[in-house]
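A.B. asks: First, the structure itself, so that you have it in front of you.
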Amino acid sequence: MIHIRSREEIEIMRKSALMVSATLTEVAKLLRPGITTLSIDRMAEQFIRDNGGIPSFKGYHGFPASLCISVNDIVVHGIPGAYELKDGDIISVDCGFYKNGYHGDSAYTFAIGNVQPEVLQLLKITKESVFKGVEQAKDNNRVGDIAYAIEHFTSRVNPYGVVRELVGHGVGRDLHEDPQVPNYGRRGEGKRLKDGMVLAIEPMINLGTKEVYTWDDGWTVSTKDKKASAHFEHTTAVRKGKGEPLSSFAPIEIAETANIELNSSYYTLPAAGVLA
Ligand code: MG
Ligand code: MG
Numbered sequence: 000m001i002h003i004r005s006r007e008e009i010e011i012m013r014k015s016a017l018m019v020s021a022t023l024t025e026v027a028k029l030l031r032p033g034i035t036t037l038s039i040d041r042m043a044e045q046f047i048r049d050n051g052g053i054p055s056f057k058g059y060h061g062f063p064a065s066l067c068i069s070v071n072d073i074v075v076h077g078i079p080g081a082y083e084l085k086d087g088d089i090i091s092v093d094c095g096f097y098k099n100g101y102h103g104d105s106a107y108t109f110a111i112g113n114v115q116p117e118v119l120q121l122l123k124i125t126k127e128s129v130f131k132g133v134e135q136a137k138d139n140n141r142v143g144d145i146a147y148a149i150e151h152f153t154s155r156v157n158p159y160g161v162v163r164e165l166v167g168h169g170v171g172r173d174l175h176e177d178p179q180v181p182n183y184g185r186r187g188e189g190k191r192l193k194d195g196m197v198l199a200i201e202p203m204i205n206l207g208t209k210e211v212y213t214w215d216d217g218w219t220v221s222t223k224d225k226k227a228s229a230h231f232e233h234t235t236a237v238r239k240g241k242g243e244p245l246s247s248f249a250p251i252e253i254a255e256t257a258n259i260e261l262n263s264s265y266y267t268l269p270a271a272g273v274l275a
């Protein structure tokens, strides 16, 4: 069943969603070559708990960490561990924050040092594609309108592979609720959207083939061709005029830019605008 949230509920959810953004902002400040993904996860869990929240992912169907950290060809659900980030990596960081009975869910993909221009472009387009979906998340539209907008922009206007096995979702009292929100589909099809629905819109976009496989650990999902994959996600409320992201990339972007300048000795700065 698809839940309709009151204004009050949406404001509580906004707080949880913005705490995910705050957590990802703290992650952005830490990122540099040499840091392990486990240490990023530990910091994030501490930050979440210090702010009175519970990490939504920890223990979810047995997931062992607070963040999903997915490096390079890993699409989603990467398990933090001993891996040390290195120059040229990208990492997708997915985070959930639970407080006052509601979850927030958001993800962001970061570049570490000198990342290939074609991969930076993948990040830029995947981030933009979230907003193509958000624009369609309005009353009386259908889930297929969101799906089509993301698929069209990423795989027709741009040449990328759209992951099909994993989809966005309703979010609220449970981390994953109805409806499913795929990143591919047809306009005018699927469940009808109503004011008060809250959806996690989360394109997972591959530089190469759309094909993916799951590791023996039962979690980690990688691209079949080992090419890079990007993931951005906003918890989004359906409103009359248009979709309204409850999470925010703005503080993450500020920290990301500051971190690049702080660590500029590691690498040459990308050309202006590439990270926009
Ligand atoms: Mg997520
Ligand atoms: Mg999600």
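If you read the sequence shown in numbering that gives the first Met the number 0, its first letter stands for residue 0, the second for the next number, and so on. Cβ coordinates follow ideal geometry from the N, Cα and C atoms, glycine included.
Please classify GLU117: does DSSP put it in a helix, a strand, or coil?
C.D. replies: Sequence index remark: in the sequence shown, residue 117 carries index 118 (1-based). Helix.
A.B. asks: For LYS28, collect the residues of the same chain with a Cβ closer than 8 Å to its Cβ; drop the 5 residues on either side in sequence, then sort them by chain order.
C.D. replies: Here residue 28 refers to the residue found at position 29 of the sequence shown. Excluding positions up to five away in sequence, the list reads ALA254, ALA257 and ASN258.
A.B. asks: Is the number of C-beta pairs between the stretch 4-21 and the stretch 95-102 that are closer than 8 Å three or more?
C.D. replies: Yes: the two stretches touch, three or more of their Cβ pairs being nearer than 8 Å.
A.B. asks: Verify whether the separation of the beta carbon atoms of LEU37 and ALA106 is less than 8 Å.
C.D. replies: For the purposes of this step, residue 37 is identified with residue 38 of the sequence shown, where counting begins at 1. For the purposes of this step, residue 106 is identified with residue 107 of the sequence shown, where counting begins at 1. For LEU37 and ALA106, no; Cβs fall outside 8 Å.
A.B. asks: Just to confirm my understanding: we take SER122, look at its own chain, exclude 5 residues before and 5 after, and list those with CB closer than 7 Å. What are they?
C.D. replies: Residue 122 sits at position 123 when you count from the first residue of the sequence shown. Per the sequence presented here, residue 122 reads as Leu, with Ser not at that position. Excluding sequence neighbours, LEU122 sits near ILE89, THR108, ALA110 and ALA229.
A.B. asks: Does the structure place the stretch 135-143 close enough to the stretch 188-197 that three or more beta carbon pairs sit under 8 Å?
C.D. replies: The stretch 188-197, when compared against the stretch 135-143, does touch it at the 8 Å Cβ threshold.
A.B. asks: Once DSSP output is grouped into helix, strand and coil, what is the label at SER69?
C.D. replies: The residue you call residue 69 lines up with position 70 of the sequence shown. Strand.
A.B. asks: Tell me the rounded alpha-carbon separation between GLY95 and ILE53.
C.D. replies: Here the question's residue 95 lines up with position 96 in the sequence shown. Here the question's residue 53 lines up with position 54 in the sequence shown. In a straight line, the C-alpha of GLY95 is about 8 Å away from that of ILE53.
A.B. asks: For ligand 2, any of its heavy atoms closer than 7 Å to the Cβ of GLU176?
C.D. replies: Residue 176 sits at position 177 when you count from the first residue of the sequence shown. No; taking the cut-off as 7 Å, the Cβ of GLU176 has no heavy atom of ligand 2 nearer than that.
A.B. asks: For the stretch 46-64 and the stretch 203-210, state whether three or more C-beta atom pairs, one from each stretch, are separated by less than 8 Å.
C.D. replies: Segments in contact, no.
A.B. asks: Could you tell me the distance, in whole angstroms, from the CA atom of VAL92 to the CA atom of THR24?
C.D. replies: For the purposes of this step, residue 92 is taken as the residue at position 93 of the sequence shown. For the purposes of this step, residue 24 is taken as the residue at position 25 of the sequence shown. Going by the C-alpha atoms only, they are around 11 Å apart.
A.B. asks: Quick one: using the 10 Å Cβ neighbour count with 16 as the cut-off for buried, is MET12 buried or exposed?
C.D. replies: Translated into the one-based positions of the sequence shown, residue 12 becomes position 13. It is buried - the Cβ of MET12 has at least 16 other Cβ atoms within 10 Å.
A.B. asks: Taking one C-beta from the stretch 112-131 and one from the stretch 221-235 each time, how about it: are there three or more such pairs within less than 8 Å?
C.D. replies: Output reads yes: the stretch 221-235 touches the stretch 112-131.
A.B. asks: Quick one: using the 10 Å Cβ neighbour count with 16 as the cut-off for buried, is TYR159 buried or exposed?
C.D. replies: Counted from its first residue, the sequence shown places residue 159 at position 160. Per the 10 Å Cβ criterion, buried.
A.B. asks: Bridge partners for ARG141 per DSSP, in chain order?
C.D. replies: On the sequence shown, residue 141 is found 142 positions in, with the first residue counted as 1. Answer is ARG191, bridged to ARG141.
A.B. asks: Using a Cβ-Cβ cut-off of 8 Å, state whether ALA254 counts as contacting chain C.
C.D. replies: The structure shown contains no chain C; it is built from a single protein chain.
A.B. asks: Any heavy atom of ligand 2 closer than 7 Å to the beta-carbon of HIS230?
C.D. replies: Residue 230 sits at position 231 when you count from the first residue of the sequence shown. No, the Cβ of HIS230 stays beyond 7 Å of every heavy atom of ligand 2.
A.B. asks: Using DSSP with H/G/I as helix, E/B as strand and the rest coil, what is TRP133?
C.D. replies: Locating residue 133 in the sequence shown gives position 134, where the first residue counts as 1. At residue 133 the sequence reads Val, which differs from the Trp that was named. In the structure shown, VAL133 sits in a helix (DSSP, three-state: H, G or I).
A.B. asks: Per DSSP, what kind of secondary structure is ILE1 in: helix, strand or coil?
C.D. replies: Taking the sequence shown and counting its residues from 1, the one referred to as residue 1 is at position 2. Coil, per DSSP.
A.B. asks: Report yes if the C-beta distance between SER246 and SER20 is below 8 Å; otherwise report no.
C.D. replies: Locating residue 246 in the sequence shown gives position 247, where the first residue counts as 1. Locating residue 20 in the sequence shown gives position 21, where the first residue counts as 1. Contact: yes.
A.B. asks: Out of THR213, GLY184, GLU44 and ARG31, point me to the one whose CA is closest to ASP72's CA.
C.D. replies: For the purposes of this step, residue 72 is identified with residue 73 of the sequence shown, where counting begins at 1. Out of THR213, GLY184, GLU44 and ARG31, THR213 has the C-alpha closest to the C-alpha of ASP72.
A.B. asks: How big is the Cα-Cα spacing for ARG41 and ILE9?
C.D. replies: Your numbering for residue 41 matches position 42 in the sequence shown. Your numbering for residue 9 matches position 10 in the sequence shown. Taking the straight line joining both Cα atoms gives about 29 Å.
A.B. asks: How about VAL74 and VAL220: do their beta carbons lie closer than 8 Å?
C.D. replies: Here residue 74 refers to the residue found at position 75 of the sequence shown. Here residue 220 refers to the residue found at position 221 of the sequence shown. Result yes, Cβ atoms of VAL74 and VAL220 sit closer than 8 Å.
A.B. asks: Is DSSP giving ALA275 helix, strand or coil here?
C.D. replies: One-based indexing of the sequence shown puts residue 275 at position 276. No answer about ALA275 holds up, because its pLDDT of 49 lies below 50 and its placement is not dependable.
A.B. asks: Identify the residues that DSSP records as bridge partners of GLY160: which are they?
C.D. replies: Position 161 of the sequence shown, counted from the first residue, corresponds to residue 160. The partner list for GLY160 (beta bridge, DSSP) reads ASN205.
A.B. asks: Label ALA275 either buried or exposed according to how many other C-beta atoms from any shown protein chain fall within 10 Å of its C-beta, with 16 as the threshold for buried.
C.D. replies: Locating residue 275 in the sequence shown gives position 276, counting from the first residue. Note on ALA275: pLDDT 49, under 50, position unreliable in the model; the coordinate value appears next. So ALA275 counts as exposed.
A.B. asks: Say yes only if the C-beta of GLU280 is nearer than 7 Å to one or more non-hydrogen atoms of ligand 1, and no if none qualify.
C.D. replies: Not covered by the structure: residue 280. The range shown for the chain is 0 to 275.
A.B. asks: According to the neighbour-count rule (16 or more other Cβ atoms, all chains shown, within 10 Å of its Cβ), is GLU260 buried or exposed?
C.D. replies: Position 261 of the sequence shown, counted from the start, is the residue given in the question as residue 260. It is exposed - the Cβ of GLU260 has fewer than 16 other Cβ atoms within 10 Å.
A.B. asks: Using a Cβ-Cβ cut-off of 6 Å (strictly less than) and excluding sequence neighbours within five positions of ASN262, which residues of its own chain qualify?
C.D. replies: Within the sequence shown, residue 262 is the residue found at index 263, counting from 1. For ASN262, where only same-chain residues beyond five positions count, the Cβ hits under 6 Å are ARG31.
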